[in-house]
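Here is the structure we will look at.
In the numbering used here, the protein residues as written are 430 to 816.
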């Protein structure tokens, strides 16, 4: 990197880590154009950095299909934070040494780490292996934090909410090391076209539309009976199957039978699909939830994996922005209720707008830039995160 630079270090397990890294990087580029060289890196995937990266990502995809095991595992880790930290430090020892060598050589002005392993590993690189680069850890989970993040020696954390800050403090991080700023959303979701324009761009009919989002890997679940029930009642349905070609092929016969069913693969135009819809159904990944809310659409969660996703579901219910609907009958009734009550959809847009996700994204960019330039927190952007 030449000149002032910021490295956004992430691990691409699920979409949330990569989405938030890109969201903050985009906001820095938008508001400070040309001031920094910016790079988003799936850091542990870089050659030689961490031999277990592929196994880690494979395990996470498996874990998404076994949510009860994920939640039980997280509870065990949180019950023994000291042991969790010690285990991570041992496991990440080699990564920390290599990171100090590689990142010290290219000398970015700041590293923004948004994965618990990176918070621990890069702190170890600073403390034990002489990494002379500032590291700012962004807690990706919007409403909580777990022991994988709770490195008491980390330079500084920024988190989306006071509840996330309280979790880090409970798990051993000093309160003075944690600042509440907000949750970021990618620019595409903050600057969407109007619904009519989005529908024209995608060739959608001008009718009530339900978007079923299964994530980039297509690991969520969708029941044919539910889709059939929606379609039989005149609801247009778009299923985003991601990279799951098997699921795509399984749903194609249904799409040939129903005129108002579309099955789409992975796309970079997700924001336009959300803008064209009226409601979004999917697994309650935080990035997916808050991207839908940034567009002003209710999010109806069919399930959730980690405890962090459970918090997101509770947030939706508390703010009347959607909720958890594991029963297909309840989900169908809720979708139809939104269709019959356009005023409620308008109220959802207003409540979602009151979250000020655009402002939070901008505040995060300003905080990061100030920290990159001066190595200290900027209090004017602190304490205005998610309620």
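Where is the CB? At the ideal position from N, CA and C, for every residue including glycine.
8 Å Cβ cutoff met for residue i and residue j
| i | j | result |
| --- | --- | --- |
| residue 630 | residue 701 | yes |
| residue 790 | residue 614 | yes |
| residue 588 | residue 796 | no |
| residue 561 | residue 534 | no |
| residue 434 | residue 458 | no |
| residue 693 | residue 668 | yes |
| residue 437 | residue 607 | no |
| residue 558 | residue 526 | yes |
Other residues of its chain near residue i: CB distance less than 6 Å, five sequence neighbours each side excluded
| i | result |
| --- | --- |
| residue 730 | 713, 742 and 753 |
| residue 746 | 752 |
| residue 575 | 503 and 507 |
Exposure label - residue i; buried when at least 16 CB within 10 Å
| i | result |
| --- | --- |
| residue 690 | buried |
| residue 538 | buried |
| residue 503 | buried |
| residue 570 | buried |
| residue 636 | exposed |
| residue 573 | buried |
| residue 634 | exposed |
| residue 717 | buried |
| residue 649 | For residue 649, the predicted structure reports a pLDDT of 48, less than 50, and the residue's modelled location is therefore unreliable. The matter cannot be settled from this model. |
Bounding residues of the beta strand (DSSP E) (the contiguous stretch that carries residue i)
| i | result |
| --- | --- |
| residue 563 | 563-567 |
| residue 669 | 665-669 |
| residue 638 | 638-642 |
| residue 468 | 466-471 |
Close-in-space but distant-in-sequence residues of the same chain around residue i (CB under 8 Å, 5 per side omitted)
| i | result |
| --- | --- |
| residue 653 | 680 and 683 |
| residue 511 | 601 |
Start-to-end residues for the alpha helix (DSSP H) that takes in residue i
| i | result |
| --- | --- |
| residue 779 | 771-783 |
| residue 553 | 545-558 |
| residue 654 | 653-661 |
| residue 790 | 786-803 |
| residue 587 | Careful: residue 587 lies outside any alpha helix (DSSP H), inside the beta strand (DSSP E) at 585-588. |
| residue 527 | 522-535 |
Three-state class that DSSP yields for residue i in the structure shown
| i | result |
| --- | --- |
| residue 827 | The structure shown has nothing for residue 827, since the chain only spans 430 to 816. |
| residue 701 | helix |
| residue 596 | helix |
| residue 713 | coil |
| residue 762 | helix |
| residue 744 | helix |
| residue 749 | coil |
Cβ shell of residue i (< 7 Å), same chain only, five flanking positions each side left out
| i | result |
| --- | --- |
| residue 659 | 639, 666, 761 and 764 |
| residue 518 | 549 and 553 |
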